[in-house]
DNA sequence: AACATTAATCGTAATCTTACGATTAATGTC
DNA sequence: GACATTAATCGTAAGATTACGATTAATGTT
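Residue numbers (the working numbering), protein chains in the order written: chain R, 7 to 114; chain A, 7 to 114.
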């Protein structure tokens, strides 16, 4: 065992889980907050800000990229990481869809 | 290595990550959706609905409980699992706080 | 061309997660 | 009290995640 039964769940469930999973680490929250507050950013700037090594930050950025939250534009020898605004808004929509589907108490 | 450096991040970052991490598995999304759509629910009902064993569902429910999204009220030999509405709304607020902090493009 | 800078990737180790079956604990029913 | 039902917990196996240092690849600078 030890492997998630993704194929047993719906595409929508997997999609939402992929996004929230990417958000499920404090370092990745910190990276996103940094990208938002300091505008356009290089991996090196994030490494300077966070208590993690360059390779670890690079790995977290890859997670965020796989979830679609972030995109990286090559800029010379650097890569400029930015929030993918379209995906960002869509992701919030998916999350709000889940939270908003609760209308009243689920039990009394 | 192999262990998240939680203490290096803020309490708020860890709190948000705990919630999103709990949401980061399709089975747990499915469980929450089931609790919402079918109102008050027992673990056994969830087991019948999902392609997972009783012990695995129990484990996922524990994850959701640790994140505070769900609470379990003992009802005879059963446990009635419900969305913790207060925590639910607070969680959405935290997530919206992150998403809403993006005002414009992070890079051009 | 030689060198510096930047970030991805590789290799590795520790730990966590996911999943299951089996067992146990708690409650209710006969 | 014996038995059934419900769900937690235990034990275990496979695999994923987190983290690091070292290396590599790509680009820019001298």
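Note that beta-carbon positions come from the ideal geometry of N, C-alpha and C, so glycine has one too.
- With a contact defined as Cβ atoms closer than 8 Å, residue 76 of chain A and residue 88 of chain A qualify at about 7 Å.
- Taking a Cβ-Cβ cut-off of 8 Å, the neighbours of residue 107 of chain R in chain A comprise 39, 42 and 43, given in sequence order.
- Residue 77 of chain R: member of the beta strand (DSSP E) spanning 76-81, first to last residue.
- Contact holds between the region 67-75 of chain R and the region 21-30 of chain R, because three or more Cβ pairs, one in each stretch, are under 8 Å apart.
- Each residue's CA atom was taken as its position, placing residue 50 of chain A and residue 60 of chain A some 7 Å apart.
- When only Cα atoms are considered, residue 10 of chain A and residue 53 of chain A end up about 31 Å apart.
- The criterion of a C-beta distance shorter than 8 Å is not satisfied by residue 12 of chain A and residue 57 of chain R.
- For the region 88-100 of chain A, the set of residues with a beta-carbon nearer than 7 Å to any beta-carbon of chain R comprises 88, 89, 91, 94 and 98, in chain order.
- Taken through DSSP and simplified to helix, strand or coil, residue 64 of chain A comes out as helix.
- From the beta-carbon of residue 60 of chain R, no residue of chain A is found nearer than 7 Å; the closest lies around 15 Å away.
- By the Cβ-count criterion, residue 65 of chain A is exposed, with fewer than 16 other Cβ atoms from all chains shown falling within 10 Å of its own Cβ.
- Taking residue 63 of chain A as the centre and dropping the five residues before and after it, the same chain places the C-beta of 33, 37, 49, 52, 53 and 56 closer than 8 Å to its C-beta, in chain order.
- With contacts defined as CB atoms closer than 8 Å, residue 112 of chain R and residue 98 of chain A fail to qualify as a contacting pair.
- Residue 113 of chain A carries a coil assignment under DSSP once its states are collapsed to helix, strand and coil.
- Interface residue (Cβ-Cβ distance to chain R less than 8 Å): residue 30 of chain A is classified as such.
- Per DSSP, reduced to three states, the secondary structure at residue 97 of chain A is helical.
- Interface flag for residue 111 of chain A against chain R is set, since a Cβ pair is found closer than 8 Å.
- No Cβ-Cβ contact shorter than 8 Å links residue 29 of chain R with residue 94 of chain A.
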